[in-house]
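Working notes for the structure below.
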Amino acid sequence: MNSDEVYIQRCLELAALGRYSVAPNPMVGCVIVYQGKIIGEGYHHHAGGPHAEVLAIQAVKDQALLKESTLYVSLEPCAHHGRTPPCSDLIIEKGIPTVVIATRDSHAAVNGKGIQKLQSAGIEVRESILQEQAQDLNRIFFTFHEKKRPYITLKWAESADGFIDPPRNENSKGVQWITAPETQVYSHRLRASHQAILVGRRTVEIDDPSLNCRAFAGKDPLRILIDPHNRLDHRSFKVFRDSHYLRFCKTPLTEQDRALSNLEAPIPEILDMLFQEEVSSLLVEGGAKTLSSFIESGYWDEAQILKAAHSLGGGLKAPKIEGPTSRINLGTDELLKIGNP
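Quick note on this note's numbering: the sequence shown kicks off at 1355 and runs consecutively.
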């Protein structure tokens, strides 16, 4: 690595610290370097809070050094007034002569405007340093703004012989765990990294899931329920325990309900409404019919399949999905990560 890459790598490490708290904003890290030494660094902590550049500049004890320093940042500095003032204006005000950027911000309000503003002020700008890594880190943010929908992760657990649920009779209710208890920590960490979690009506009726992060210290995602024909009783299931949910149905009955016009193929309509609600990432956990609907419609970005070591010998078959796959061991279980080709 050359020196630019070393400092941008540090920016990416800092940015990742905001993984569970910045949505729908991007993760951003920043370091300020004077004569080969980092004299200030910062990262974006939460939406509405100070940006990484602001915190890094504030961390510099001797502000006079900024006029001879280089600012490194993992994402193009903003040039517009959002919840906070433009970072590019602050950089110009402080007289920082050089800015090194990992990748441009594809948000329509930025996308090159921050770079242009800096260059117009006489600041040297170098960009596209570790660009691929920076774009991968913020793939949720980029997908949200470029595709005008949430980043979609499909997730399910299946047995070694490819079943996601054991055989049930009509009265068999409740979650049937397939993977090892320790794997629940990973599953709940995955929930915490998404703004919302979605299940279909049948999953609510059979499993009565909580859809929270009780095994991981993270923020519970917004619960999204697909109930086209208003069959779920609000008094009977855990998903209705508080107002932190949205139900998509034919006839809205509460403030948390959203009306569907297309009951047979509701996914595009749901995704459009979630985009309007600024939900940038969506974890789809079931059931089999709902997961298959997302797969068949092409509305997915990655799938994470938790594969148990034991077989069930029958039951409900897991969805079929194809794409480039990587494998990671999780104790006695295996995690398959599949990308949408």
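Here a beta-carbon is modelled for each residue, glycine too, at the ideal position from N, C-alpha and C.
If you reduce the DSSP assignment to three classes, tell me which class residue i lands in.
| i | result |
| --- | --- |
| TYR1505 | strand |
| CYS1441 | helix |
| LYS1671 | strand |
| ILE1469 | helix |
| ILE1483 | coil |
| PHE1517 | strand |
| ARG1556 | helix |
| ALA1657 | strand |
| TYR1397 | strand |
| PHE1570 | coil |
| LEU1607 | coil |
| LEU1579 | strand |
| ARG1373 | coil |
| LYS1415 | coil |
| TYR1545 | Correcting the residue type first, residue 1545 is Arg in the shown sequence and not Tyr. If DSSP states are grouped into helix, strand and coil, ARG1545 belongs with the helices. |
| ALA1663 | coil |
| GLU1512 | strand |
| ALA1550 | strand |
| ARG1601 | strand |
Taking just the CA atoms, how far does residue j sit from residue i?
| i | j | result |
| --- | --- | --- |
| ARG1568 | ALA1642 | 24 angstroms |
| ILE1386 | TYR1361 | 9 angstroms |
| GLY1468 | ALA1433 | 5 angstroms |
| ALA1550 | GLY1372 | 17 angstroms |
| ASP1611 | ASP1596 | 13 angstroms |
| GLU1623 | ALA1413 | 45 angstroms |
| GLY1383 | ALA1456 | 10 angstroms |
| LYS1391 | VAL1464 | 29 angstroms |
| SER1423 | VAL1453 | 9 angstroms |
| THR1533 | ILE1411 | 47 angstroms |
| ALA1406 | ARG1364 | 13 angstroms |
| LEU1625 | LEU1670 | 27 angstroms |
| ILE1682 | ALA1663 | 13 angstroms |
| ASN1694 | GLY1476 | 42 angstroms |
| MET1355 | LEU1690 | 31 angstroms |
| SER1651 | PRO1620 | 11 angstroms |
| LEU1666 | PRO1520 | 6 angstroms |
| LYS1448 | LYS1421 | 7 angstroms |
| SER1680 | GLN1417 | 46 angstroms |
| GLY1466 | LEU1628 | 27 angstroms |
| LEU1556 | GLY1394 | Going by the sequence as given, residue 1556 is Arg instead of Leu. About 52 angstroms. |
| ARG1480 | TYR1426 | 9 angstroms |
In terms of residue numbering, what span does the beta strand (DSSP E) encompassing residue i cover?
| i | result |
| --- | --- |
| THR1346 | Since the first and last residues shown for the chain are 1355 and 1695, residue 1346 lies out of range. |
| LYS1691 | 1687 to 1693 |
| SER1680 | 1679 to 1684 |
| ALA1613 | 1611 to 1613 |
| GLU1639 | 1635 to 1640 |
| THR1452 | 1452 to 1455 |
| ILE1532 | That residue, ILE1532, is in no beta strand (DSSP E); it is neither H nor E in DSSP. |
Residue i: which of the options sits nearest, CA to CA?
| i | options | result |
| --- | --- | --- |
| ARG1545 | PRO1535, SER1597, VAL1638 | VAL1638 |
| GLU1430 | SER1423, ILE1445, LEU1419 | ILE1445 |
| LEU1419 | LEU1409, ASP1443, ILE1450 | ILE1450 |
| SER1547 | ASN1356, MET1381, GLU1688 | MET1381 |
| LEU1508 | ASN1616, THR1537, LEU1614, LEU1636 | LEU1636 |
| LYS1502 | LEU1586, ILE1580, THR1608, GLU1632 | GLU1632 |
| TRP1510 | LEU1491, GLU1656, SER1357 | GLU1656 |
| GLY1677 | PRO1575, GLN1658, GLY1669 | GLN1658 |
| ALA1571 | THR1557, ALA1370, ARG1543 | ARG1543 |
| LYS1592 | ASP1459, ASP1562, ALA1462, PRO1521 | ASP1562 |
| HIS1461 | GLU1478, GLU1524, PRO1440, HIS1499 | HIS1499 |
| ARG1522 | ASP1358, LYS1691, ILE1560, THR1644 | ILE1560 |
| PRO1575 | ASP1587, VAL1553, LYS1415 | VAL1553 |
| PRO1535 | SER1564, THR1686, SER1590 | THR1686 |
| SER1442 | GLN1417, ASP1416, GLU1478 | GLU1478 |
| ARG1577 | HIS1598, ARG1585, VAL1558 | HIS1598 |
| GLU1359 | ILE1483, THR1537, LEU1586 | ILE1483 |
| LEU1617 | SER1647, ILE1518, LYS1448 | SER1647 |
| TYR1540 | SER1590, SER1680, GLU1688, TYR1388 | GLU1688 |
| LYS1674 | ASP1459, GLY1668, LEU1645, TYR1653 | LEU1645 |
| LEU1660 | HIS1588, ILE1518, ASN1584, SER1615 | ILE1518 |
| ARG1589 | THR1608, GLN1630, ILE1649 | THR1608 |
What span of residues does the alpha helix (DSSP H) with residue i cover, start to end?
| i | result |
| --- | --- |
| PHE1594 | Where PHE1594 is concerned, there is no enclosing alpha helix (DSSP H), given that its DSSP letter is neither H nor E. |
| CYS1384 | First-last for CYS1384: 1383 to 1388, but that is the beta strand (DSSP E), not the alpha helix (DSSP H). |
| ILE1477 | Premise fails: ILE1477 is in no alpha helix (DSSP H) and is neither H nor E. |
| ARG1458 | Unbroken run through ARG1458: none, as it is neither H nor E. |
| LEU1628 | 1621 to 1630 |
| GLN1412 | 1406 to 1412 |
Report task. Say whether the region 1513 to 1526 touches the region 1486 to 1499, bearing in mind that this needs 3 or more beta-carbon pairs closer than 8 angstroms, one atom from each stretch. Result -> With the cut-off at 8 angstroms, the region 1513 to 1526 and the region 1486 to 1499 do not touch.
Query raised in the report: Is there contact between the region 1489 to 1499 and the region 1516 to 1536, where contact requires at least three CB pairs shorter than 8 angstroms?
Result: no
Query raised in the report: Can at least three beta-carbon pairs, one atom from the region 1359 to 1378 and one from the region 1394 to 1413, be found at a separation below 8 angstroms?
Result: yes
Report task. Spell out a yes or no on whether the region 1464 to 1478 and the region 1591 to 1608 are touching, meaning 3 or more CB-CB pairs, one atom from each, closer than 8 angstroms. Result -> no
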